[in-house]
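Asker: Those protein sequence lines, which keep their order, are chains F and X. Counting in this note's numbering, the first sequence runs from 5 upward without gaps. Counting in this note's numbering, the second sequence runs from 159 upward without gaps. Glycine included, each C-beta is placed from N, C-alpha and C at the ideal position. What you are looking at is a predicted structure, and each value in this text was computed from that prediction instead of being measured.
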Amino acid sequence: MTPFPFTAIVGQDEMKTAMILTAIDPKIGGVLVFGDRGTGKSTAVRALAALLPPIEAVQGCPCNSARLEDCPDWAGITESATVTRPTPVIDLPLGVTEDRVTGALDIERALTRGEKAFEAGLLARANRGYLYIDEVNLLEDHIVDLLLDVAQSGENVVERDGLSIRHPARFVLVGSGNPEEGELRPQLLDRFGLSVEVTSPGEIETRVEVIRRRDAYENDHARFMSEWTPQDAALRAQILAARAALPDVATPNVALHDCASVCLALGSDGLRGELTLLRAARALAAFAGDSAVSRAHIRDAAPMALRHRLRRDPLDEAGSGARVARQLAEVLP
Amino acid sequence: MTDALRGLGLRKLHPSVGDAALFGGLDLGATLAMGGVQSHAGLLAHHGALVLSMAERCPAGLAARLGQALDARPALSLVALDEAVEEGEGLPAGLADRLGLFLDLDGFAFADAAPIRLDTRAIAAARAGLSRVDTGAGLARLARVAAELGIASLRAPLLALACARAQAAWRGADVLSDADLRVAVTLCLAHRATQAPAEEEESADEAPPEPPQDQNPGEQDTQSTIEDLPEEMLVAAARAALPPGLLAQLQAARVARQAGAQNSGMGAARKSMRRGRPLPSRAGKPGAGARVDVIATLRQAAPFQKMRAEMFAHRPAGRLAILPSDLRIRRYQDRTDRVLIFVVDASGSAAVARLAEAKGAVELMLSEAYASRDHVALISFRGAFAELSLPPTRSLVQTKRRLAGLPGGGATPLASALDLGLATALRARRSGMAPTLALLTDGRGNIALDGRADRAQAAEDMGRLARAIAAAGLPGLVIDTSLRPKSQPRELAHAMGARLIALPRADARALSRTLGAALGG
């Protein structure tokens, strides 16, 4: 069954915007979605996968390389024929083993044919696509460490079982979770470009609409899809146009200055905040069809880009979203 | 229960089921014996219902996989048999949220259950009728009831709608009736309620309704349309399905469920198969998380190669002959998670300032636990009984909320606190964590275990529980919070086999430092 259409998701605008921004510029570095259960987090991720344009990949390449010279040599690929694949969205389940994530010795081939071969893991399959971790805050620490390493370098290096393998692993990390069940380590938190908080819609009418659409999707699939597919296609075209326009979006000095002063006022650690804020604002400008980054773009992008980078203050009862909003009002009037 | 479902082609699932069994994989034993690749299909490839027995011990990883499988394949159905008896146990919330129906069999005797017969033809007929059912306004009604019961998740009303639709199809009707909606609310929504419905009626003496067992489709004459049905009736159906006293416990139960989701309940083995410091490998079967130690396996097989070459003469020469008995699997020494259980005296005799200090210490420990990944739990005691204010958690959000709402004053039910502390510690140990008790008190308990103000009985209960804690081998720490050193805390610490630290005047930071030092980092 085709996934639920992205444009048919009711409300949750910040989450949808954040996901569209990473589709426009994967360098933004992923989205963290924190919120209650049953608010459409997983639905949105899967819908995004169906929305994105397919990619060209060398046939048989375990890490979806675009060109033959990008294929890792251990894959033993000689044909440069390419196939069209949907943008990969790979699920990383909780309790996954290290072998499955990084790949390991192919036991089957080792024992039956006596060959030393590498069996690619989830990181290889997620290359050029998305890696989705549901309940990311419950992920075991050693897997988190592994992801941190790869997300930073864009390359997966395996040195085990007598294998020495490396392959590109550049993916957009999408995590979701419920903060009441546990915190995410600050190091991994920082690795996500954007973070959004979703809540269950409070109004009855919105909730009824959510259920009505989902019910129609499940029970009247063909008609529902025919209603929403054109809207999804329009959004896809808009994303592709924004991707093309992205290099031409001008970044005036005053925009850089704005980014820096917001981050300074909020006391976010490191410079990743500024960089992500700038990228997100630029993607937002491209999406809106503007030719330059303006203060409005920065103001819109700041809560998603900075919310999770603030020093945690255990005694501050208000959420960090409120702190960002407070500082924004002061610094960027 | 399982008898009734037999006709549906059940497959059983155990909480410790491995990936290979779930998703299918290489059958290593058969492969080696046959000399060719043999694979077996996974349980998830199977069509029909899966039964997860002992669901309360379902680890978070398995719950995540099952949740994903349920999302991806609507045809898959899962029956989770949750035998949780204590709070803190239970099916991980992420999976529970995806399961539609909930039946509470507490208090049902096996002898009372009538044999359930499934008429496969009637089921097939009802299935065919599903798409004809017009859900109309029932959809909005269910959404409203769910909101009124404080159910945040939008999966709940969707599942309830599916249930109502199935019920209508089973009756052979094309329109949802009020009875269909009532069944849906009772089965799908009632157990998820987080708040009592707004209007307060006498709910305690309403008997729970008969579980709907419509054996005769079409017999019901309730064909009145849902327009006539006020929402209060649906809410009343939900309320009737709730056992008395449940709403009062809801808050605690919800928290316990959240804690349960985190602590997998699986007993993180100290000898882990996956991670930690390597141990010597040993003979065993790979699968269920165990990895083959290739080098050790080859080493084991090497001496016999010449002999086996003759045995397996039919195979091509130059091929290693490895038998299943040669397989060696890797083992690692795993470090278990630590949980610090703070048992805090919030009674009147411990000054209110003490409570503030204890709160500060717990908060500080938690922010430090960020680095060391420790869990923290909080038990407070005052008045008649102790209460678990915060089940083992790493969450700063929850701790802040719970600490802020911690009241002080009243008598000192120290015996009850020890009892609860011991229970919490043992539960944590069962779920694979290493518990440590930190008791902050002046030791002057004056309430017995049964809640009576009986100083002599209290002392006796305290002594008994303290010895039980010592017998359980729980590492502990007693922090004497009285203004002048007294003998009671020392005796208590001695009976518990715990260290005693007198802190006549501690600020949170000093307390946290002392704890850190006493617990070895």
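Whose Cβ in chain X lies nearer than 7 angstroms to the Cβ of F/A114?
Answerer: V452, listed in chain order.
Asker: What's the gap between the Cα of X/R552 and the Cα of X/P444?
Answerer: Cα-Cα distance, rounded: 33 angstroms.
Asker: Which complete alpha helix (DSSP H) runs does the region 156-208 of chain F hold, if anything under 4 residues is left out?
Answerer: 190-195, all fully within the region 156-208 of chain F.
Asker: Where does F/G274 land, buried or exposed, given buried means 16+ other C-beta within 10 angstroms?
Answerer: Classification of F/G274: exposed, given that the 10 Å Cβ count is below 16.
Asker: Using DSSP's beta-bridge definition, name the partner residues of X/K170.
Answerer: Paired residues: X/V209.
Asker: In chain order, which alpha helix (DSSP H) runs of at least 4 residues are fully inside the region 538-582 of chain X?
Answerer: Segments of the alpha helix (DSSP H) lying fully in the region 538-582 of chain X: 554-562.
Asker: Check the DSSP bridge columns for X/L259 and list the partner residues they point to.
Answerer: DSSP output for X/L259 lists no bridge partner at all.
Asker: Which stretch, first to last residue, makes up the alpha helix (DSSP H) that contains F/F291?
Answerer: Its alpha helix (DSSP H) spans residues R276 to A292.
Asker: Measuring alpha carbon to alpha carbon, tell me which residue in F/Q331, F/E139, F/R71 and F/D77 is nearest F/T86.
Answerer: Closest by alpha carbon: F/R71.
Asker: Nearest to F/E73 by alpha carbon, out of F/S157, F/V297 and F/P172?
Answerer: Comparing Cα positions, the closest option is F/P172.
Asker: Under 8 angstroms Cβ-Cβ, which residues of chain F neighbour X/S289?
Answerer: Simply N223.
Asker: Could you name the residues of chain F that X/R223 contacts, counting a contact when the two beta carbons are closer than 7 angstroms?
Answerer: In chain order: P97.
Asker: Could you say if the region 185-204 of chain F and the region 88-105 of chain F meet the contact criterion of at least three C-beta pairs nearer than 8 angstroms?
Answerer: No contact exists between the region 185-204 of chain F and the region 88-105 of chain F.
Asker: Excluding the five sequence neighbours on either side, which residues of its own chain have a C-beta within less than 6 angstroms of the C-beta of X/Q353, listed in chain order?
Answerer: If we look at X/Q353 and ignore the five residues flanking it on each side, its Cβ neighbours are G308.
Asker: Relative to the C-alpha of F/V200, which residue among F/F38, F/S168 and F/A27 is closest?
Answerer: When only C-alpha atoms are compared, the closest one is F/F38.
Asker: Give a yes or no on whether the C-beta atoms belonging to F/L135 and F/L177 are separated by under 8 angstroms.
Answerer: Cβ distance < 8 angstroms, so F/L135 and F/L177 count as in contact.
Asker: So which residues on chain F does X/T293 lean against when the C-beta distance must stay under 7 angstroms?
Answerer: Residues of chain F passing the Cβ test: D219.
Asker: Indicate whether at least one CB of chain F lies closer than 8 angstroms to the CB of X/S311.
Answerer: True, the Cβ-Cβ gap to chain F drops below 8 angstroms.
Asker: Classify F/T203: buried if its beta carbon has 16 or more other beta carbons within 10 angstroms, exposed otherwise.
Answerer: Exposed: under 16 other Cβ atoms inside 10 Å.
Asker: Quick check on X/R440: does DSSP put it in helix, strand or coil?
Answerer: It is a strand residue.
Asker: Kindly indicate which residue of F/V214, F/E207 and F/I81 has the alpha-carbon position closest to the one of X/L319.
Answerer: When each option's Cα is compared against that of X/L319, the closest is F/V214.
Asker: From F/L244, F/R174 and F/E144, pick the residue whose C-alpha is nearest to that of F/A155; which is it?
Answerer: F/A155 has its Cα closest to that of F/R174, out of F/L244, F/R174 and F/E144.
Asker: Comparing the C-beta of X/L138 with each C-beta of chain F, is any distance below 8 angstroms?
Answerer: Because residue 138 of chain X is not part of the residues shown, which for chain X are 159 to 679, the question remains open.
Asker: Is X/Q646 closer than 8 angstroms to X/G601 when the C-beta atoms are compared?
Answerer: Taking 8 angstroms as the Cβ cut-off, X/G601 and X/Q646 qualify as a contacting pair.
Asker: Helix or strand or just coil, what does DSSP make of F/A70?
Answerer: Correct three-state label for F/A70: coil.
Asker: Closest to F/E278 by CA distance: which of F/N257, F/V297, F/D77 and F/L310 is it?
Answerer: The residue with the shortest Cα to Cα distance from F/E278 is F/L310.
Asker: If you count every other CB in all the chains shown that lies within 10 Å of the CB of F/T47, and 16 or more means buried, which is it?
Answerer: By the neighbour-count rule (16 or more Cβ atoms within 10 Å), F/T47 is buried.
Asker: Are the beta-carbon atoms belonging to X/A324 and X/R350 less than 8 angstroms from one another?
Answerer: Taking 8 angstroms as the Cβ cut-off, X/A324 and X/R350 do not qualify as a contacting pair.
Asker: Closer than 6 angstroms by C-beta to X/A342: which residues in its own chain qualify, once you throw out the five before and the five after it? Chain order, please.
Answerer: Answer for X/A342: A318, C321 and A322, listed in chain order.
Asker: Would you list the one or two residues that DSSP bridges to F/E213?
Answerer: BP columns for F/E213 are empty, so no partner.
Asker: What distance in whole Å lies between the Cβ atoms of X/L171 and X/P209, which are believed to be in contact at a cut-off of 8 angstroms?
Answerer: The sequence given here places Val at residue 209 of chain X; Pro does not occur at that position. With 8 angstroms as the limit, X/V209 and X/L171 qualify as a contact, their Cβ atoms being about 6 angstroms apart.
Asker: Which residues mark the beginning and the end of the alpha helix (DSSP H) in which X/G621 is found?
Answerer: Where X/G621 is concerned, the enclosing alpha helix (DSSP H) stretches over R613 to A629.
Asker: Tell me X/H533's beta-bridge partners as DSSP assigns them.
Answerer: X/V497.
Asker: Measuring straight from C-alpha to C-alpha, what distance separates X/L297 and X/D332?
Answerer: Straight-line Cα distance between these residues: approximately 15 angstroms.
Asker: Here's the rule: buried if 16 or more other CB atoms are within 10 angstroms of the residue's CB, otherwise exposed. What is F/S168?
Answerer: So F/S168 ends up on the exposed side.
Asker: Quick check on X/T594: does DSSP put it in helix, strand or coil?
Answerer: Looking at X/T594 - three-state DSSP - the assignment turns out to be strand.
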